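A short write-up of the structure that comes next.
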Amino acid sequence: MKVTITHKDAMKFEAKTEKSSFIIDCPTISPVEYFLSGIITCSATDIVLLPKNQGFTVTDLVVEGDATRAEDHPRKFTKLFLDYKFNSDGDDVQAARWVAASIETYCSTINTIRDTTEISYSVTHNGKVIRENEKVISGGGSNIDLGEIDACCS
C-alpha cells in the first residue's frame, strides 16, 4: 500500500492512493479524525461484507466511535468505544459474531491500535441491544491477569 501526500495551500493536502485521491482539509477535519473515521469505516465494511458472504443482508448500519486520547504527546488513543446499530435478516448470535469477527480478526485498522488501546463495543441488532459495553482483550489500560504460564517441556 502506498499513499502520497502533497501540500496544496494553507492547511490543505491531497492524498493520492493507488486507486484514487482526496483532499485532507486541516483543521476542518484533523488527521486524527480521518484516522478514527478510517478505523470505523474498516469495521463497517466488515459488517456489510461478512453477512453478504454468508447470504445475509445488513441495512441501516450506523457505527459511532468515541475515542479518548492521552493528555501528553504523542496523544495516542487510550480508549475506543464502538457502538454498532444495524438491521439484518440474520439472528442475534450471527450479528454478534459479525461484530466480534470484525474487531478481533478482520479489521486491520482496529488491530493496528489494539495493543495500546482499551477497546469496548455495544451492538444493537434489529432494534434490540444484544451486546453492551463488551470489552476486547487489548493493550493500554486492560488489566487482564492471564496468570502464570508454564513453558512447554523441551
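The numbering used here runs 92 ahead of the 1-based position in the sequence shown.
Glycine included, C-beta positions come from ideal geometry on N, C-alpha and C.
Bear in mind that the values here come from a model prediction, so they are computed numbers and not experimental data.
Short Cβ contact (8 Å threshold) for residue i with residue j
i: R206; j: V215; result: no
i: F148; j: R161; result: no
i: E210; j: S230; result: yes
i: F173; j: H217; result: no
i: P119; j: M103; result: yes
i: E156; j: D175; result: yes
Buried or exposed (CB count within 10 angstroms, at least 16 for buried), residue i
i: T197; result: exposed
i: S129; result: exposed
i: V221; result: exposed
i: S122; result: exposed
i: V154; result: exposed
Where residue i sits in the DSSP three-state scheme
i: F178; result: strand
i: D138; result: helix
i: T197; result: helix
i: I121; result: coil
i: D184; result: helix
Residue i versus residue j - alpha carbon distance
i: D181; j: D164; result: 45 Å
i: N145; j: I131; result: 21 Å
i: A136; j: T208; result: 21 Å
i: I236; j: D184; result: Interpretation of I236 is limited by its pLDDT of 48, a score under 50 that renders its predicted location unreliable; no figure is taken from the coordinates.
i: A188; j: C199; result: 15 Å
i: S112; j: K227; result: 36 Å
Beta-ladder partner(s) of residue i, from DSSP
i: E106; result: T98 and I115
i: T216; result: K177 and V221
i: V191; result: Paired residues: none, contrary to the question.
i: K227; result: S212
i: G147; result: Answer is none; G147 lacks a bridge partner.
i: V154; result: K177
i: A159; result: L172
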